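Protein chains in written order, with numbering that gives the first Met the number 0: chain A, 0 to 383; chain B, 0 to 383. The block underneath contains the structure these notes are about, expressed in structure tokens.
There are 2 protein chains.
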Amino acid sequence: MIPGPTEVSEEVREEIGKPVSPHYGSDWVGIYKETIGLLRTIFRTSGDMFVLVGSSSAAMEASVMSAIEPGDKILVELSGNFGLRFKEIAEAQGGKVVPLNVELGNAVDPDEVRSVLEQDRKIKAMTLVHNETSTGVTNPVKELGDIAKEHGLLYLVDAVSSLGGIELRTDEWNIDFCITGSQKCLETPPGLAMMSVSDNAWKAMERRKEPIRGWYLNLQNLRRYMIMWADWHPHGPETMATSLFKGLRVALGKILEEGLENRWERHKRAGMAMRSAVRAMGLEPFANDQIASNTLTSVRIPQGVKGTDLLKVMEDEHGMLIAGGVGPTAGKIFRIGHMGATASANYILPAVSSLEISLKKLGYPLELGCGVQAAQRILGKSQV
Amino acid sequence: MIPGPTEVSEEVREEIGKPVSPHYGSDWVGIYKETIGLLRTIFRTSGDMFVLVGSSSAAMEASVMSAIEPGDKILVELSGNFGLRFKEIAEAQGGKVVPLNVELGNAVDPDEVRSVLEQDRKIKAMTLVHNETSTGVTNPVKELGDIAKEHGLLYLVDAVSSLGGIELRTDEWNIDFCITGSQKCLETPPGLAMMSVSDNAWKAMERRKEPIRGWYLNLQNLRRYMIMWADWHPHGPETMATSLFKGLRVALGKILEEGLENRWERHKRAGMAMRSAVRAMGLEPFANDQIASNTLTSVRIPQGVKGTDLLKVMEDEHGMLIAGGVGPTAGKIFRIGHMGATASANYILPAVSSLEISLKKLGYPLELGCGVQAAQRILGKSQV
């Protein structure tokens, strides 16, 4: 029940464990094209789609180095650890980061963004972490997309822990670079990053004064190879991680079989159930209901309990992995993932039960069953 | 029988197909440290070891951006496609490439390297592709290491299709950055790149005038995280591709069980057998015996036969995948891998047999069995 890597179905794991396929030739071209089509449907985009051999951070850097040149201003919201990561990456690429500080546990405020942009007309691009895995907050990705469009900014969205679980519409919401990883709601082992790129983004790259410095993450370079080797090696110049890729294809097929809207609904109910359960235990969700994430729940560690003790009892006595805080939230919260397969009663009810028993053991006062019952009331409304 | 991705054992594939492990926590730290130890033994290095989520090209770029700053001169040998890749990457990083042209099918000549370096004292670094997969040539990696040391150059070696199959001694041979991928002689699916970094290389990075531009492939950045998160998330800032990584651990264990020297010997014999077989068929190996690779054999396409036809008959009628040329050798040669598991009689004899039958079918005159017999004579000397 950690917020990723998530559970991977046996079907996907079996596919990954099959003999290795080459990353070229006509069979591969077919597999590749089919997978890109599935990704476009899930991203809700007709734009270009890249699958990188790398973690999501690789795609974050690919987007940043495409969107800005050294000295360019980029607005980076700092609502959590992955906002900070965008800041580090933008600085490492020579960008001038205009930081937007956000109190931990809060979401980015569109009005604040607007006011920063009105004061500084030189800002060229803006990043947003759609679902901040470190705090359990979902940021207003659509509203900021409108603002980005109004101000003619490139809009870089980290959708790593949201895409496939929380509503996201890449094209409709004006996202120029939409980034995700294989290991969260797409229910595939870690190792691949997926990114869509808008026409707008390509046009901005053509207007650069200085070429992109880099090769492996340079989208213009990757596209050059994709065109040159389209009939044989269509994913770009590198050796693709074919086993993971083929697993991803199976996972995406299963996602579309369930239906994106059904998945958004299932994760919404999972989030409601988990928050209701922790409140029933007298605990305090770190984020309020309007902005709380549907793919993970962050909870303040109650007074008198040590977070590391809680994680240890959960793991040792219940075989239940949950996560602590990360970066700025370390030591303040614990986090329970309900992402992909685990956004269901079969996972949530035992997790809540273990949490109750573990907290009780650590001296926290609660009536056994209160959390489970609260979750059950919400989850029971339909089979999830 | 293509020159990578290679056959992966059932044991490794089973490991990769297991439920996904998280990329942090005490279990993960143990797995990580053990694997790094195995890699150090196989690389023959006591230097730092990185495992990148990426293809080998990612590690090539990480080495180049560490070794040079924009405007720095770097000597790049162009004995094949992967030499060209180093050139592209070095140029994309703003380096001034001093090219060393090598006739295709030949190896880099150490005397020529010496003479270039004597004429140009400003060259700061030098690249070498140990085993040029595109031509089937093994370059003199030890001799060039001596020259790099004499001239105080950083030495960047692509050992992608050699390490684990052809003798290589990172520390003894003065290699500052030694690069390989998971999918060749290490017999793991593609998706991970491994690289050793010498003390010398770190010292050179400290003397840079300009910081490394980049984050994901910036070794100084990765090392900062590795130190900061040593007890919890010791591989760096990114989400590790844990399933592949755990498969790699199993594969490395099996490699060391066989013994590196035994593997070098097995691949040597495989190379001899394959070259002997193609000569017995009246075909011409693309590289002469002194420099021919032990992990793949490149062969000139004989007059009157179309390379694409040969590959098609081999695949369609014998289920046998071999490769054509790549980059500058496309259309000129075909290539047969004998790398990892396939460097053995069980794979080589059927491959030679299919090649004979396919060539005969395409009108090439040969006496059936001549190649198989020649290979058998060499392979029969011991169980390989």
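Note that CB positions come from ideal geometry on N, CA and C, so glycine has one too. It should be emphasised that the depicted structure is a prediction, and the values quoted were computed from it without experimental measurement.
- Of the residues assessed, ALA58/B falls on the buried side of the cut-off, its CB having 16 or more other CB atoms within 10 angstroms.
- When C-beta atoms of the segment 17 to 27 of chain A are compared with those of the segment 154 to 165 of chain A, fewer than three pairs fall below 8 Å, so the two segments do not count as touching.
- Around the Cβ of GLN289/B, a 10 Å sphere holds fewer than 16 other Cβ atoms; the residue is exposed.
- Judged by pairs of C-beta atoms under 8 Å, the segment 224 to 233 of chain B does not touch the segment 178 to 197 of chain B, as fewer than three such pairs exist.
- Taking all protein chains in view, the Cβ of GLU111/B is surrounded by fewer than 16 other Cβ atoms within 10 Å, so the residue is classified as exposed.
- A contact is defined here as three or more CB-CB pairs under 8 Å, and the segment 233 to 247 of chain A fails this definition with respect to the segment 70 to 83 of chain B.
- Relative to the Cα of ASN293/B, the nearest Cα in the group TRP263/B, ILE146/B and ASP170/B belongs to TRP263/B.
- DSSP places ALA57/B in the helix class (H, G or I) of the three-state scheme.
- In the DSSP assignment, VAL371/B falls within the alpha helix (DSSP H) that extends over 369 to 378.
- Note on geometry: alpha-carbon atoms of LEU348/B and VAL304/B lie some 22 Å from one another.
- Between the alpha carbons of ILE178/A and LYS95/B lies a distance of about 33 Å.
- Spatial neighbours of GLY70/A in its own chain (CB-CB distance under 7 Å, excluding positions within 5 residues in sequence) are listed in chain order as GLY93 and LYS95.
- For ASN130/A, no chain B residue has a C-beta closer than 8 Å to its own C-beta; the minimum C-beta separation is roughly 15 Å.
- ARG334/B: member of the beta strand (DSSP E) spanning 332 to 336, first to last residue.
- If you ignore the 5 residues before and after HIS150/A, its C-beta comes within less than 6 Å of the C-beta of LEU116, all in its own chain and listed in chain order.
- THR137/B counts as buried, since no fewer than 16 other beta carbons sit within 10 angstroms of its beta carbon.
- Chain A places no beta carbon closer than 9 Å to that of GLN118/B, leaving this residue out of the contacts.
- One thing to note: MET280/A has its Cβ within 9 Å of the Cβ of LEU358/A.
- Secondary structure at ARG84/A: helix, using DSSP grouped into helix, strand and coil.
- Counting only the Cα atoms, ARG278/B lies some 41 Å from LEU51/A.
- In this structure, PHE42/A keeps its C-beta atom at 9 Å or more from the C-beta atom of LEU221/A.
- The Cβ atoms of ALA373/B and SER275/B lie closer than 9 Å to each other.
- Under DSSP, ARG299/A shares a beta bridge with ILE332/A.
- Pairing VAL101/B with SER133/B gives a Cβ-Cβ distance that is not under 9 Å.
- The continuous alpha helix (DSSP H) containing ASP26/A extends over residues 25 to 42.
- With respect to VAL11/B, LYS253/B sits close: the two C-beta atoms are nearer than 9 Å.
- PRO2/A is positioned such that its CB atom lies no closer than 9 Å to that of ILE332/A.
- VAL107/B and ALA124/B have their alpha carbons spaced roughly 16 Å apart.
- In this structure, the alpha-carbon of SER160/B lies about 22 Å from that of PRO233/A.
- For GLU10/B, the enclosing alpha helix (DSSP H) has its first and last residue at 9 to 15.
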